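Q: All residue numbers for the sequence shown refer to my numbering, where the first residue is 277 and numbers rise by one.
Think of the CB as a built atom: it goes at the ideal place given N, C-alpha and C, for glycine as much as any other residue.
Note that this is a predicted model, so its numbers are computed, not measured.
Before we start, here is the structure in question, set down as structure tokens.
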Amino acid sequence: MIIDGKKISAEIKNELKEEVAALKEKGVRICLAVIQVGEDKASSVYVANKKKACAYIGIDSLSYELPTSTTQEELLSLISELNARADVNGILVQLPLPKSIDEDAVIRAIAPEKDVDGFHPVNVGRLNIGQDGYVSCTPAGVIQLLKRSGIEIEGKECVVVGRSNIVGKPMAALLLRENATVTVCHSRTKRLAEVTKRADILVVAIGKPLFITKEYVKEGAVVIDVGIHRDENNRLCGDVDYEQVAPVASAITPVPGGVGPMTIAMLMENCVKSGRL
Ligand code: NDP
Numbered sequence: 277m278i279i280d281g282k283k284i285s286a287e288i289k290n291e292l293k294e295e296v297a298a299l300k301e302k303g304v305r306i307c308l309a310v311i312q313v314g315e316d317k318a319s320s321v322y323v324a325n326k327k328k329a330c331a332y333i334g335i336d337s338l339s340y341e342l343p344t345s346t347t348q349e350e351l352l353s354l355i356s357e358l359n360a361r362a363d364v365n366g367i368l369v370q371l372p373l374p375k376s377i378d379e380d381a382v383i384r385a386i387a388p389e390k391d392v393d394g395f396h397p398v399n400v401g402r403l404n405i406g407q408d409g410y411v412s413c414t415p416a417g418v419i420q421l422l423k424r425s426g427i428e429i430e431g432k433e434c435v436v437v438g439r440s441n442i443v444g445k446p447m448a449a450l451l452l453r454e455n456a457t458v459t460v461c462h463s464r465t466k467r468l469a470e471v472t473k474r475a476d477i478l479v480v481a482i483g484k485p486l487f488i489t490k491e492y493v494k495e496g497a498v499v500i501d502v503g504i505h506r507d508e509n510n511r512l513c514g515d516v517d518y519e520q521v522a523p524v525a526s527a528i529t530p531v532p533g534g535v536g537p538m539t540i541a542m543l544m545e546n547c548v549k550s551g552r553l
């Protein structure tokens with residue numbers, strides 16, 4: 277089975293669109309403030325896509341495009357202003373920020389109840405102690421891909437390769453919350469292939485193109501590829517060697533069209549959630 281992230285993400289966005297329309301009828305409007313500092317090209321594309329998704333679903337968006345010269349103080353002051361505004365439900369600061377700005381300080385400045393990226397330590401803590409809060413969008417999207425493809429998580433051996441704060445660690449916490457048995461691997465893991473071969477569900481977020489070949493995968497495993505890269509021919513590829521692994525896997529996400537489209541869908545879900553609270 278090829279897990280179709282485009283289709284599942286469209287499904288979620290359409291459900292949210294209906295919900296936003298119903299909320300509007302009750303007089304509730306949802307508004308996301310998007311802040312970009314500098315002119316990083318990839319960031320501009322991500323920001324444009326987020327605003328487009330907001331428009332499709334019916335979420336209002338406020339856009340702040342600040343110059344690279346913006347100081348940390350100026351950015352913190354804007355965040356504090358947005359934290360105080362009752363008409364703003366979600367605040368998103370597009371990362372990476374220019375080197376002169378401390379990203380952690382910026383993330384901590386966003387009110388946890390408006391932190392739709394789920395990066396604030398309070399939301400990270402909530403996830404880890406089993407409380408409701410905002411969850412990082414990419415791993416939340418992986419859970420939706422599995423559930424909506426009818427793949428059971430409970431009791432499964434899940435191996436996550438990668439332990440970043442935005443993907444690997446929240447991914448492991450979410451799988452644990454779904455009652456899987458979870459192993460997390462990283463660059464110091466010994467005999468990686470032996471560990472990954474135990475996985476019924478293998479989630480790969482390493483950031484190395486085509487790293488996971490068939491030797492890393494158990495026959496019949498579900499393989500989720502979070503990685504995204506451009507190969508030498510400028511074509512998109514993941515951390516998993518799809519051609520090699522697809523015949524071994526029982527289900528697999530392609531790149532593009534797998535995990536990628538889910539990140540924005542889950543950001544929209546977090547924005548709508550802010551209107552439900
Ligand atoms: P990071 O670079 O922050 O983390 C990579 C992780 O992989 C680290 O924990 C690192 O271990 C581990 N790692 C690196 N090399 C190896 C190795 N040889 N063996 C085992 N583990 C290894 O990356 P991110 O988590 O931010 O992103 C991972 C990938 O996912 C990237 O390709 C990124 O572009 C993509 N991505 C895609 C998104 C989407 O929407 N589809 C969203 C976010 C990311 P250690 O901690 O020991 O250094």
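Name the residue from Ala331, Gln312 and Lys317 whose alpha carbon lies nearest to the alpha carbon of Pro343.
A: Taking the first residue of the sequence shown as position 1, residue 343 is located at position 67. Cα-wise, what sits closest to Pro343 is Gln312.
Q: Is Ser346 near the ligand NDP - that is, is its Cβ less than 8 Å away from at least one heavy atom of it?
A: Position 70 of the sequence shown holds residue 346. The residue asked about is misnamed: residue 346 is Thr in this sequence, not Ser. Checking the Cβ of Thr346 against the ligand NDP gives no.
Q: Starting from the Cα of Ser277, find the closest Cα among Val548, Val524 and Lys390 and give me that residue.
A: If you number the sequence shown from 1, residue 277 lands on position 1. Strictly speaking, residue 277 in this sequence is Met, with Ser absent from that position. Nearest C-alpha to Met277: Val524.
Q: If I'm right that Leu398 touches Met447 with Cβ under 8 Å, what's the distance once you round it to whole angstroms?
A: Stepping through the sequence shown from its first residue, residue 398 is reached at position 122. Stepping through the sequence shown from its first residue, residue 447 is reached at position 171. Note on identity: in this sequence residue 398 is Val, with Leu being the wrong assignment. At roughly 19 Å, the Cβ-Cβ gap does not stay under 8 Å, so Val398 and Met447 are not in contact.
Q: Answer yes if the segment 502-511 comes into contact with the segment 368-376, meaning at least three C-beta pairs across the two stretches below 8 Å, and no otherwise.
A: The segment 368-376 is not in contact with the segment 502-511.
Q: Give every residue of the same chain whose Cβ lies closer than 7 Å to the Cβ of Ala362, excluding the five residues on either side of it in the sequence, and list them in chain order.
A: Working through the sequence shown from its first residue, we reach residue 362 at position 86. So the list is empty, once near-sequence residues are dropped.
Q: Return the chain-ordered list of same chain residues with a C-beta closer than 6 Å to the C-beta of Asp391, the five sequence neighbours on each side being excluded.
A: Here residue 391 refers to the residue found at position 115 when the sequence shown is read from its first residue. Excluding residues within five positions, the ones whose Cβ falls inside 6 Å are Asn399 and Tyr410.
Q: Any heavy atom of the ligand NDP within a distance shorter than 8 Å of the CB on Phe395?
A: Taking the first residue of the sequence shown as 1, we reach residue 395 at position 119. False, no ligand heavy atom lies under 8 Å from that Cβ.
Q: Here's a check: name, in chain order, each residue in its chain whose Cβ is nearer than 6 Å to the Cβ of Val460, leaving out the five neighbours to either side.
A: Position 184 of the sequence shown, counted from the start, is the residue given in the question as residue 460. Hits under 6 Å: Val436, Arg439 and Ala448.
Q: Ignore the nearest five residues each way along the sequence and tell me which others in Val296's own chain have a CB closer than 7 Å to its CB.
A: The sequence position of residue 296 within the sequence shown is 20, counting from 1. So the qualifying residues of the chain are Ile306, Ile333, Gly334, Ile335 and Val548.
Q: If you measure from each CB to the nearest heavy atom of the ligand NDP and keep those under 5 Å, what residues do you get, in chain order?
A: With the cut-off at 5 Å, the residues found are Thr414, Gly438, Arg439, Ser440, Val443, His462, Ser463, Ala481, Ile482, Gly483, Val502, Gly503, Ile504, Val535, Gly536 and Thr539.
Q: Can you check which of these residues, Ile477, Val521 and Ala541, is closest to Lys218 by C-alpha distance?
A: Residue 218 lies beyond the stretch modelled for the chain, which goes from 277 to 553, so this question has no answer here.
Q: What does DSSP give as the partner residues of Tyr340 in its beta bridges?
A: As a position in the sequence shown, residue 340 is number 64, starting the count at 1. Ile311.
Q: Tell me the DSSP bridge mates of Arg506?
A: Numbered from 1 along the sequence shown, position 230 holds the residue referred to as residue 506. Answer by DSSP bridge pairing, in chain order: Leu512.
Q: In the DSSP assignment, what residue or residues form a beta bridge with Gly366?
A: Taking the first residue of the sequence shown as 1, we reach residue 366 at position 90. In DSSP, Gly366 forms a bridge with Leu308.
Q: According to DSSP, Thr489 sits in a beta bridge with which residue or residues?
A: The residue you call residue 489 lines up with position 213 of the sequence shown. Answer is none; Thr489 lacks a bridge partner.
Q: Taking only runs of the alpha helix (DSSP H) that begin and end inside the segment 379-466, which ones reach a length of at least 4 residues, in chain order?
A: List check, alpha helix (DSSP H) in window: 379-385, 397-404, 413-424 and 444-453.
Q: In the DSSP assignment, find the unbroken beta strand (DSSP E) run with Val471 in it and report its ends.
A: Taking the first residue of the sequence shown as 1, we reach residue 471 at position 195. Not the beta strand (DSSP E): Val471 falls in the alpha helix (DSSP H), residues Leu468 to Thr472.
Q: Looking at the unbroken alpha helix (DSSP H) that takes in Leu478, where does it start and where does it end?
A: As a working note, residue 478 is residue 202 in the sequence shown. First-last for Leu478: Ile477 to Val480, but that is the beta strand (DSSP E), not the alpha helix (DSSP H).
Q: Would you tell me roughly how many angstroms separate the C-alpha atoms of Glu454 and Gly417, rounded to the nearest one?
A: Sequence index remark: in the sequence shown, residue 454 carries index 178 (1-based). Sequence index remark: in the sequence shown, residue 417 carries index 141 (1-based). Going from the Cα of Glu454 to the Cα of Gly417 covers about 14 Å.
Q: Report yes if the CB atom of Asp507 is closer than 9 Å to the CB atom of Pro530, and no otherwise.
A: Counted from its first residue, the sequence shown places residue 507 at position 231. Counted from its first residue, the sequence shown places residue 530 at position 254. No, these two residues do not count as a Cβ contact at 9 Å.
Q: Between Lys289 and Gly533, how many whole angstroms is the CB-CB distance? I'm expecting something under 8 Å.
A: As a first step, residue 289 must be located in the sequence shown, where it is residue number 13. As a first step, residue 533 must be located in the sequence shown, where it is residue number 257. That pair is no contact at about 15 Å.
Q: Looking only at its chain, what residues have a beta carbon closer than 7 Å to the beta carbon of Ile383, apart from the 5 residues adjacent to it on each side?
A: Here residue 383 corresponds to residue number 107 of the sequence shown, with the count starting at 1. So the qualifying residues of the chain are Phe395 and His396.
Q: Along the beta strand (DSSP E) that carries Val499, what are the first and last residues, could you check?
A: If you number the sequence shown from 1, residue 499 lands on position 223. First-last of the beta strand (DSSP E) with Val499: Val498 to Asp501.
Q: Quick check: the Cα distance between Ala298 and Leu292, rounded to an integer number of angstroms?
A: Stepping through the sequence shown from its first residue, residue 298 is reached at position 22. Stepping through the sequence shown from its first residue, residue 292 is reached at position 16. So the two alpha carbons sit approximately 10 Å from each other.
Q: Which same chain residues end up closer than 6 Å to Glu433 when comparing Cβ atoms and leaving out the 5 residues on each side of it in sequence?
A: Working through the sequence shown from its first residue, we reach residue 433 at position 157. Excluding residues within five positions, the ones whose Cβ falls inside 6 Å are Thr457, Arg474, Ala475 and Asp476.
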